[in-house]
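J.:
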Amino acid sequence: MGGAKFRRFALFPLMLLMLFLLPANMVAQTSASSSKYIATYESSTQTLTFKKFVGETLPDNSVVVEDKMRVDAINKNLGNGTIVHIVFDKSFSTYKPTSLSYFFNRLTKLETITGLEYLNTEKVTDMSYMFYNCVALTSLDVTKFNTANVKNMGNMFYSCSALTSLDVTKFNTENVANMSYMFYSCSSLKSLDVTHFNTANVKNMTSMFSGCSSLTSLDVTHFNTANVTNMISMFSVCSKLTSLNVTNFNTANVKSMSHMFNSCSALTSLDITNFNTENVTNMSYMFNSCSSLTSLYLTNFNTEKVTNMERMFSDCQALTTIYTSSEFVTTQVSKSSGMFTNCEKLKGEEVWKKYKATDKTYAKIEGGYFSVGIPMVKYADGTLTFFLASKETLGENEYELNSGKNLPGWMKHTLGITKVVFDTSFANARPTSCYKWFYWCENLKQVEGIKNLNTKEVTNMVDMFCECRYLSSLDVSGFNTEKVTDMSEMFYDCISLKLLDIAKFNTANVTNMQGMFYSCSALTTIYASDKFVTGQVTDGSNMFSNCTNLKGFVDYKNNSDKTDHIFANYKTGYFSKLVGKNGDEKIGATGETLAAEKLVLADDKDFVAYEPFAAKTASYSRTMKEGTIWATLCLPFEVTLDGQNFRAFKLLSADDATETVELEEIKTSIAAGTPVIIKMKDGATQLKFSEADKAIAKDVQTSKTANSNYQLQGLYTQKMFSKDTDNNCYIVKGDKLMNPAKLLQETTTEFVDSKSFRAYMVDNSSAPAAGARMFSISGGTTAIEQLETTADSKAEYYDLQGRRLPDLQKGVNIVKRGGKTMKVIIK
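In mature numbering (1 follows the signal peptide of the UniProt record, and there is no 0), the protein residues as written are -28 to -1, 1 to 799.
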């Protein structure tokens, strides 16, 4: 017995050994379930094919594909053959992995991938390292990828160095948090369109485009970088980029900018004046080898937290000037070696010399290589330009800014000035006086870039635009006037100006407004706010004299004796309060109870109210297509229903499961801002309203059903519906009301639009159903022309006793249409 027992246990290791000695392809030939997804390798063509398999025994050289399995692991199981081609069979399209991380990782001999559209990615959350180091791939079609659930795209195309083009325009990136190294070392890419990328949730952009050395252009102007904390090497070695617009970048949360623009050797200019660097700790190699840059404006840089500036500007051989401010400090910097190495043209107060220290020693304005941006004004060929210059000797027709009540140096050119330009660099200037800046520039016709004039520190605006007789428009809506004490004759004799928006003017400190708008004879409207006060004014004489066309609460023609600052208000004087916009038109209201003269609404104009007000007359009209029966409506003023050519209903319930539509008729009037469904009478196709003395509702109202599962949402403005984000909204397509995903499923279009003053239905339930619901519609985008259960000419109507009805009646209606029967309740 003992011997038999010994022999039985001794045979077991021998059996294991024999099993391990079997060829790999023999091991793969195991019994399969009735349906599996497999990968099969054909050595003669060096092709790996993915497909669905139905059978008992796997084919030779095949393995079962499981979720999160990688091609290199599959290949190992198949004997580590060389993979040159990969094919996805159509049958594989029902395989739904959750991760494709490292899927094609390090397939350095892979040349083609065929049928990639059959790789179903709808459930994939991770695509990191997916094509990592696929150095032989020359083309790649990812246009069919569904990336709606992907959170990680880090290293996705890392070192795909043979790709010359890559179309990622269809990528949905709204959930992606990681884009680090995404296109790293895609060194043959000549173009890359990432303008559709939604980067709102991205936190890491480290080396995102690093090594894309063949790109000649890159548009990242739409990037939302509010959540990004890391921009290390983001554009490093993008050596053929000649320009790069990062002016919209929000860098408030960025902690490292190390190597960010390293070796961008073809960049001739770089605008980073909007960068917020308050949280940045590392700027090493940030501009290293940007050998074509001639100047850098770092006037907004706050470097209080930076500890590393190693080789920050090294090998910038063309760099002559670095503009900074007092906030560029090196107090926390512990590493700064080579900071200015080979910056052979750089000069500030100190001129760069090879023998001088290249660390942070000269990283300063006073006694260093940095320059402060000096506000300058230059006249040339009829144009007066305001800009920031380096601290150098003034050139021909160049002037420093005046201060206090000193006359500006450029006054000698006043009659020759036809155009004024505020350069973008001037946004960093902080003038303290605008005294007589454009005095007697009677030939001035255009002011460009006035948004770059920051008036935060200005105390004097006397005669600023005095006698600018040909200036027909002027945007001073962005002026900060909190420190201004004198505005006398500011717009004196601007006889061509028709409108002025000074709604942001804060005049709490102004003491002199004498002649401020004197003889602005074409001026019809001045928009102001409650911040325009005259409590400190000691001289407001002739403020409105000869403003013959001006009208606010009172008009000048009937009140020409009322010319001083007492009438600088919108309640009893000549001003109007800005209360909204109607398309491009500003809406002004006057009086103790704010009232606008008239409000004319139209489908192609967005209406926005900043606050409630009244309209002395309010009107709206719409022409609908012939045969329209049902429509939607939402207006900001009350509409009386007496005598109208339609009936109005509120939505009480809309239930797809029970196929019940419940409407309640509104009898007297539609309240302001209330969305309704309307039914046209007797073939009418015109809506036309004209109401007198009506309150204007600031906000649209929401009309919810009793169970709150549905609501009718009103619109004052045109709306774009996205199939990705508005899938619970129901709009028009032919004779159906359906969500955007259903509406656009056979197209490449991402959006569908609605006109103003309409309504749309929203499904608020936790799991909204897709597709057409209970409305059959036609016509314009949101014109609900036919209610599926009621308005079809083939529909039959009955009461609960089975009696045939000519049309819908109050109460319960039974509606038969085709093979469908529904219950409709009209209250």
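No residue lacks a Cβ here, since even glycine has one placed at the ideal position from N, Cα and C.
Count the C-beta pairs between the region 277 to 292 and the region 306 to 316 that are closer than 8 Å, then say yes if the count reaches three, no if not.
T.: yes
J.: If contacts are defined as beta-carbon pairs under 8 Å, then K175 and N199 qualify, I think. What distance do you get, rounded to the angstrom?
T.: In the sequence shown, counting from the first residue as 1, residue 175 sits at position 203. In the sequence shown, counting from the first residue as 1, residue 199 sits at position 227. That belief holds up - the Cβ atoms of K175 and N199 are roughly 5 Å apart, short of 8 Å.
J.: Would you mind stating whether T330 and V305 have Cβ atoms separated by less than 9 Å?
T.: Within the sequence shown, residue 330 is the residue found at index 358, counting from 1. Within the sequence shown, residue 305 is the residue found at index 333, counting from 1. Against a cut-off of 9 Å, the Cβ pair of V305 and T330 comes out as no contact.
J.: Whole alpha helix (DSSP H) runs in the region 454 to 485 with 4 or more residues, listed along the chain?
T.: With a minimum length of 4 residues, there is no unbroken run of alpha helix (DSSP H) contained wholly in the region 454 to 485.
J.: Using C-beta distances below 6 Å, list every residue in its chain close to A656, excluding the 5 sequence neighbours before and after it, in chain order.
T.: Working through the sequence shown from its first residue, we reach residue 656 at position 684. Only N617 meet the Cβ criterion.
J.: What would DSSP say about M383, mapped onto helix, strand or coil?
T.: Residue numbering aside, residue 383 sits at position 411 when the sequence shown is read from its first letter. M383 falls in the helix class under three-state DSSP.
J.: Note down the Cα distance separating T292 from T214, rounded to an integer number of angstroms.
T.: Mapped onto the sequence shown, residue 292 falls at position 320. Mapped onto the sequence shown, residue 214 falls at position 242. In a straight line, the C-alpha of T292 is about 18 Å away from that of T214.
J.: Please return the same chain residues whose Cβ sits closer than 6 Å to the Cβ of L716, not counting the five positions on each side in sequence.
T.: Numbered from its first residue, the sequence shown carries residue 716 at position 744. For L716, where only same-chain residues beyond five positions count, the Cβ hits under 6 Å are K695.
J.: If you compare alpha carbons, which of G599, P712, T640 and A767 is closest to G615?
T.: Stepping through the sequence shown from its first residue, residue 615 is reached at position 643. Of the candidates G599, P712, T640 and A767, the one whose C-alpha sits nearest the C-alpha of G615 is T640.
J.: Hey, S189 and S211: beta-carbon distance below 9 Å or not?
T.: Taking the sequence shown and counting its residues from 1, one reaches residue 189 at position 217. Taking the sequence shown and counting its residues from 1, one reaches residue 211 at position 239. Not in contact: S189 and S211 (Cβ atoms no closer than 9 Å).
J.: Check whether the Cβ atoms of A567 and A587 sit closer than 9 Å, and answer yes or no.
T.: The residue you call residue 567 lines up with position 595 of the sequence shown. The residue you call residue 587 lines up with position 615 of the sequence shown. Yes, the pair counts as a contact, with Cβ atoms nearer than the cut-off.
J.: For the alpha helix (DSSP H) containing N554, list its first residue and its last residue.
T.: Along the sequence shown, read from residue 1 onward, the residue named residue 554 stands at position 582. Note, N554: premise wrong, no alpha helix (DSSP H); beta strand (DSSP E) at S548 to N554.
J.: Which same chain residues end up closer than 6 Å to T689 when comparing Cβ atoms and leaving out the 5 residues on each side of it in sequence?
T.: In the sequence shown, the residue the question calls residue 689 occupies position 717. Excluding residues within five positions, the ones whose Cβ falls inside 6 Å are D578 and S728.
J.: Quick check: D44 and N77, are their CB atoms within less than 9 Å of each other?
T.: For the purposes of this step, residue 44 is taken as the residue at position 72 of the sequence shown. For the purposes of this step, residue 77 is taken as the residue at position 105 of the sequence shown. Yes, they are a contact pair.
J.: Based on DSSP bridge pairs, tell me the residues matched to G591.
T.: In the sequence shown, counting from the first residue as 1, residue 591 sits at position 619. For the sequence presented, residue 591 should be read as Ser rather than Gly. DSSP output for S591 lists V572 and S662 as bridge partner(s).
J.: Since I believe Y542 is in contact with K549 (beta carbons under 8 Å), could you give me their beta-carbon distance rounded to a whole number of angstroms?
T.: If you number the sequence shown from 1, residue 549 lands on position 577. If you number the sequence shown from 1, residue 542 lands on position 570. Confirmed, Cβ separation roughly 4 Å.
J.: How should I46 be labelled, buried or exposed, when 16 other C-beta atoms within 10 angstroms of its C-beta is the threshold for buried?
T.: Within the sequence shown, residue 46 is the residue found at index 74, counting from 1. Buried: at least 16 other Cβ atoms inside 10 Å.
J.: In or out: M692 buried (at least 16 other Cβ within 10 Å) or exposed?
T.: For the purposes of this step, residue 692 is identified with residue 720 of the sequence shown, where counting begins at 1. Exposed, because fewer than 16 other Cβ atoms sit within 10 Å of the Cβ of M692.
J.: Does the distance from the CB of G507 to the CB of N484 come in under 9 Å?
T.: If you number the sequence shown from 1, residue 507 lands on position 535. If you number the sequence shown from 1, residue 484 lands on position 512. No, the pair does not count as a contact, with Cβ atoms beyond the cut-off.
J.: Starting from the C-beta of N173, find all residues in its chain whose C-beta is less than 8 Å away, skip the five residues before and the five after it, and write them out in chain order.
T.: As a working mapping, residue 173 is identified with position 201 in the sequence shown. Answer for N173: E146, N147, V148, A149 and N199, listed in chain order.
J.: For the region 130 to 188, which segments carrying the alpha helix (DSSP H) assignment without a break, of at least 4 residues, lie completely within its bounds, in sequence order?
T.: none
J.: Among the candidates N52, L79, G51 and R42, whose CA atom is the shortest distance from the CA of S71?
T.: Taking the first residue of the sequence shown as position 1, residue 71 is located at position 99. If we check each option's Cα against that of S71, R42 comes out closest.
J.: Can you tell me which of the three DSSP states Y442 falls into?
T.: Working through the sequence shown from its first residue, we reach residue 442 at position 470. Collapsing the DSSP output to three states places Y442 in coil.
J.: Less than 9 Å between the beta carbons of A494 and M515, yes or no?
T.: In the sequence shown, counting from the first residue as 1, residue 494 sits at position 522. In the sequence shown, counting from the first residue as 1, residue 515 sits at position 543. No, they are not a contact pair.
J.: For W602, which residues does DSSP report across the bridge?
T.: The residue given as residue 602 occupies position 630 in the sequence shown. W602 is bridged to K651.
J.: Of the residues T544, Y90 and I58, which one's Cα is nearest the Cα of L82?
T.: By one-based count along the sequence shown, residue 82 stands at place 110. Taking only the C-alpha atoms, the option nearest L82 is I58.
J.: Per the DSSP calculation, N202 is bridged to which residue(s)?
T.: Working through the sequence shown from its first residue, we reach residue 202 at position 230. For N202, which the question treats as bridged, DSSP gives the partners N176 and S228.
J.: Using the three-state DSSP reduction, which class does K795 fall into: helix, strand or coil?
T.: For the purposes of this step, residue 795 is taken as residue 823 along the sequence shown, with counting starting at 1. Looking at K795 - three-state DSSP - the assignment turns out to be strand.
J.: Using CA coordinates, which residue listed in L91, Q685 and M652 is at the minimum distance from G599?
T.: Here residue 599 corresponds to residue number 627 of the sequence shown, with the count starting at 1. Nearest C-alpha to G599: M652.
J.: What is the residue span of the alpha helix (DSSP H) that P712 lies within?
T.: Reading the sequence shown from its first residue, position 740 is the one you call residue 712. Residues P712 to L715.
J.: Rounded to the nearest angstrom, what separates G783 and N679 at their Cα positions?
T.: For this step, residue 783 is matched to residue 811 along the sequence shown. For this step, residue 679 is matched to residue 707 along the sequence shown. Rounded to whole angstroms, G783 to N679 spans 20 Å at the Cα level.
J.: Where DSSP assigns a beta bridge to D98, which residues make up the other side?
T.: One-based indexing of the sequence shown puts residue 98 at position 126. DSSP output for D98 lists S71 and N124 as bridge partner(s).
J.: With a threshold of 9 Å between beta carbons, is K523 in contact with chain D?
T.: Looking at the structure shown, chain D is missing, and only one protein chain is on hand.
J.: Assuming F394 contacts N424 (C-beta within less than 8 Å), just tell me the rounded distance between them.
T.: The sequence position of residue 394 within the sequence shown is 422, counting from 1. The sequence position of residue 424 within the sequence shown is 452, counting from 1. Sure, about 4 Å apart at Cβ, within 8 Å.
J.: K336 lies in the beta strand (DSSP E); which residues open and close that run?
T.: Residue 336 sits at position 364 when you count from the first residue of the sequence shown. Counting along the chain, K336 falls outside any beta strand (DSSP E), and DSSP gives it neither H nor E.
J.: Would you tell me roughly how many angstroms separate the C-alpha atoms of A401 and I703, rounded to the nearest one?
T.: In the sequence shown, the residue the question calls residue 401 occupies position 429. In the sequence shown, the residue the question calls residue 703 occupies position 731. Rounded to the nearest angstrom, the two C-alpha atoms are 50 Å apart.
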